[in-house]
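I have placed the structure first, in the form of structure tokens, so that the comments after it can refer back to it.
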DNA sequence: CAGCGTTGCACAATCGATTGCGCAGTTCAA
DNA sequence: TTGAACTGCGCAATCGATTGTGCAACGCTG
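Residue numbers (this note's numbering), protein chains in the order written: chain P, 176 to 531; chain Z, 176 to 531.
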């Protein structure tokens, strides 16, 4: 009747040792001393647990302890390289700390987000890391979630919610990019945005506007695009290339958008960077291998992931810990997609071009 | 004492209705008729469940039913675009079917793989989708897992294990690529491989060898590389470019490898495709935007994911279902990274040609 | 009105681990 | 010899849902 191959449970091990499950449980959780279990019994249990490859039933444990040692990760698109990298780091860190990760893709859709948030609640995750879709949608559900367990926002803030959050300095990133372009003689600097209404996007747009205004440059008619896909980038860039404002440079607020811009430029027969300079957000393996290699505003993605998990663990440890916010610095990686208009109006060679 | 905000459980709802939890459970699971619950009681319960937003405790349910409605996904690198896309599709499909997904990254390391497989077992996933690291490692653990729940391999086979599996036709893909190159006058066709010992890689190498042999071409000294990273591709390509065999074309067995090859070629001052033609595996958004646009052997990644889940669900439904294997077709996407040596020995210019 | 069938639902065991409480058994001092 | 103090561990409740069994109460027939 007894399946010798069945993974031994705490219960069965106790029975085979002629002890109660209670005693075994206490020994395994290091409470032996506190409950005055004799050293002999303790060692007997420990030894047997070792040799039999005992695994305690995690479900039963979770039910009793009201903690599942799992966290939820809700992101808008797993296949987006940014979120893929983020997910990898979060999963690795979580595993190091004994947590498993349930991921769900909100598909950049508030309705789906609501659905997966409900799923997370249902699955009793101990904590949640979320890159929210909107700035205000689904907050009732999120509020309910956050009321019972720690939640950490990543990459995107929800201004109205008092949640821990970790983002990179999107606004400063845009300023860096604009400054870089202005220094090189650009004045008509367009912006190809991603998903309006999401924090990261709006911050970057705001940074772009602010930097332009401070330099006395106009932004009217220079904002294009809607969505983070290549197609959206291409469409935005087409409009940009035909716009009366005749931009000489563009900020692409996402790595896929940059690809779309390149595509559109190529189709229109414009050269990058000579006819259109480009600074894109988020470095990717391929960014440096493109022709031209892309000048990038780089976020420390792995750091974002690591910090998000750290913030979550902090609040998982002490439930009363205040929801902290951290902003991580970004940097500009200069490569070859920005043309220096000061030296040469628009001619000579591109690629290996470390400006004389 | 009673927290009005607490999510109503089956138990509390039963109490508030003056009924037993048993009755509520039966009504909610549609067993009302089978247990002769009166229509009045049934409707009363249903109505209350509706208005109170009842959520049954998933942990308790899982403990009792021995099913968690969750599946495990173990892949070697979430950030690899191929696996990211695969993960996205699997998660979406799983969600449609009421399953949540626990992902873990095996980091292309057998030891980590063993660790995360243990984690999956511990978390009582109902089924597992796995892209194994080696061809033989960790099989004891996997065997134990597979003994109690369905497992489906994806992208990579484990020849010795009798598991359901879904892969694309790697071997044929390599043959397609070689044929394409031979047709265009190439004879010294190198291969930059990924992680030797993994199924996909070895199949592709085998396909390359077979196609070369069939055409009467040698492969000796034409195999380079080890690992799926850009750096590995660059290192492999450097060796390739300096090799006495003087290849005119290369197969890159992974998308990141192709980037490495491009980088190495650029560093060495070789033009792609004039000096070195390139066919790479796995299409990616950026592949068509590169200079030159990459000619690609494309796997239907989303289909792989969908099929993997379908295979798993099939075996989740009927535990006695035989472990089936499916192979999905690949196709060649012709773009601009292959030079036709028949027409022009090696001169003239193709696309916008940066090198002076 | 006894006896039987039917209806409608509750009891209690179960899934495994956790934990407060307390019971036997031993030791030692008074 | 008795009670206190201590040692070593088990009992049983608990987490919440599921499910086989069974008990009342009702209606009906003879």
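For every residue, glycine included, the Cβ atom is placed at its ideal position computed from N, Cα and C.
Per-residue DSSP class, three states only, for residue i
{"i": "residue 193 (chain Z)", "result": "coil"}
{"i": "residue 453 (chain P)", "result": "strand"}
{"i": "residue 343 (chain P)", "result": "strand"}
{"i": "residue 348 (chain P)", "result": "helix"}
{"i": "residue 213 (chain Z)", "result": "coil"}
{"i": "residue 353 (chain Z)", "result": "helix"}
{"i": "residue 220 (chain Z)", "result": "helix"}
{"i": "residue 429 (chain Z)", "result": "coil"}
{"i": "residue 293 (chain P)", "result": "helix"}
{"i": "residue 523 (chain Z)", "result": "Residue confidence is low: residue 523 (chain Z) scores 44 on pLDDT, short of 50, so the model does not pin down where it sits. Its coordinate-derived value is still stated next. Coil."}
{"i": "residue 366 (chain P)", "result": "strand"}
{"i": "residue 501 (chain Z)", "result": "strand"}
Short CB-CB distance (under 9 Å) between residue i and chain P
{"i": "residue 529 (chain Z)", "result": "Any reading at residue 529 (chain Z) needs caution, since the residue's pLDDT is 39, under 50, leaving its predicted position unreliable; the model's value is listed next. Yes - at least one Cβ of chain P is within 9 Å of the one on residue 529 (chain Z)."}
{"i": "residue 463 (chain Z)", "result": "yes"}
{"i": "residue 227 (chain Z)", "result": "no"}
{"i": "residue 299 (chain Z)", "result": "yes"}
{"i": "residue 329 (chain Z)", "result": "no"}
{"i": "residue 291 (chain Z)", "result": "yes"}
{"i": "residue 368 (chain Z)", "result": "no"}
{"i": "residue 478 (chain Z)", "result": "no"}
{"i": "residue 259 (chain Z)", "result": "yes"}
{"i": "residue 451 (chain Z)", "result": "no"}
{"i": "residue 460 (chain Z)", "result": "yes"}
{"i": "residue 471 (chain Z)", "result": "no"}
{"i": "residue 280 (chain Z)", "result": "yes"}
{"i": "residue 355 (chain Z)", "result": "no"}
{"i": "residue 466 (chain Z)", "result": "yes"}
{"i": "residue 315 (chain Z)", "result": "no"}
{"i": "residue 188 (chain Z)", "result": "no"}
{"i": "residue 345 (chain Z)", "result": "no"}
Residue i - containing alpha helix (DSSP H), residue span
{"i": "residue 490 (chain Z)", "result": "476-492"}
{"i": "residue 235 (chain P)", "result": "233-240"}
{"i": "residue 511 (chain P)", "result": "Run containing residue 511 (chain P): none; DSSP gives neither H nor E here."}
{"i": "residue 405 (chain Z)", "result": "405-417"}
{"i": "residue 377 (chain Z)", "result": "374-389"}
{"i": "residue 271 (chain Z)", "result": "256-271"}
Assumed close pair residue i, residue j - CB separation to whole angstroms, cut-off 8 Å
{"i": "residue 304 (chain P)", "j": "residue 265 (chain P)", "result": "6 Å"}
{"i": "residue 482 (chain P)", "j": "residue 253 (chain P)", "result": "Not really, about 20 Å apart at Cβ, beyond 8 Å."}
{"i": "residue 387 (chain Z)", "j": "residue 436 (chain Z)", "result": "That belief does not hold up - the Cβ atoms of residue 387 (chain Z) and residue 436 (chain Z) are roughly 18 Å apart, past 8 Å."}
{"i": "residue 381 (chain P)", "j": "residue 399 (chain P)", "result": "Rounded, the Cβ-Cβ distance is 16 Å, inconsistent with contact."}
{"i": "residue 505 (chain Z)", "j": "residue 351 (chain Z)", "result": "7 Å"}
{"i": "residue 227 (chain P)", "j": "residue 301 (chain P)", "result": "Actually they do not touch by this definition, with Cβ atoms about 29 Å apart."}
{"i": "residue 285 (chain Z)", "j": "residue 363 (chain Z)", "result": "The Cβ separation is near 35 Å, so there is no contact."}
{"i": "residue 502 (chain P)", "j": "residue 343 (chain P)", "result": "7 Å"}
{"i": "residue 383 (chain P)", "j": "residue 426 (chain P)", "result": "6 Å"}
{"i": "residue 450 (chain Z)", "j": "residue 257 (chain Z)", "result": "Wrong, their Cβ atoms sit about 28 Å apart, outside the cutoff."}
Contact with chain Z by residue i, beta-carbon distance below 9 Å
{"i": "residue 474 (chain P)", "result": "no"}
{"i": "residue 454 (chain P)", "result": "no"}
{"i": "residue 376 (chain P)", "result": "no"}
{"i": "residue 252 (chain P)", "result": "yes"}
{"i": "residue 484 (chain P)", "result": "no"}
{"i": "residue 489 (chain P)", "result": "no"}
{"i": "residue 415 (chain P)", "result": "no"}
{"i": "residue 275 (chain P)", "result": "yes"}
{"i": "residue 199 (chain P)", "result": "no"}
N- and C-terminal bounds of the beta strand (DSSP E) containing residue i
{"i": "residue 315 (chain Z)", "result": "Counting along the chain, residue 315 (chain Z) falls outside any beta strand (DSSP E), though it belongs to the alpha helix (DSSP H) covering 314-323."}
{"i": "residue 204 (chain Z)", "result": "That residue, residue 204 (chain Z), is in no beta strand (DSSP E); it is neither H nor E in DSSP."}
{"i": "residue 470 (chain Z)", "result": "470-473"}
{"i": "residue 302 (chain Z)", "result": "302-305"}
{"i": "residue 275 (chain P)", "result": "275-280"}
Contact under 9 Å by Cβ, residue i with residue j
{"i": "residue 276 (chain P)", "j": "residue 278 (chain Z)", "result": "yes"}
{"i": "residue 327 (chain P)", "j": "residue 487 (chain P)", "result": "yes"}
{"i": "residue 515 (chain Z)", "j": "residue 359 (chain Z)", "result": "yes"}
{"i": "residue 439 (chain Z)", "j": "residue 477 (chain Z)", "result": "no"}
{"i": "residue 280 (chain P)", "j": "residue 263 (chain Z)", "result": "yes"}
{"i": "residue 379 (chain P)", "j": "residue 339 (chain P)", "result": "no"}
{"i": "residue 513 (chain P)", "j": "residue 424 (chain P)", "result": "yes"}
{"i": "residue 184 (chain Z)", "j": "residue 232 (chain Z)", "result": "yes"}
{"i": "residue 479 (chain Z)", "j": "residue 269 (chain Z)", "result": "no"}
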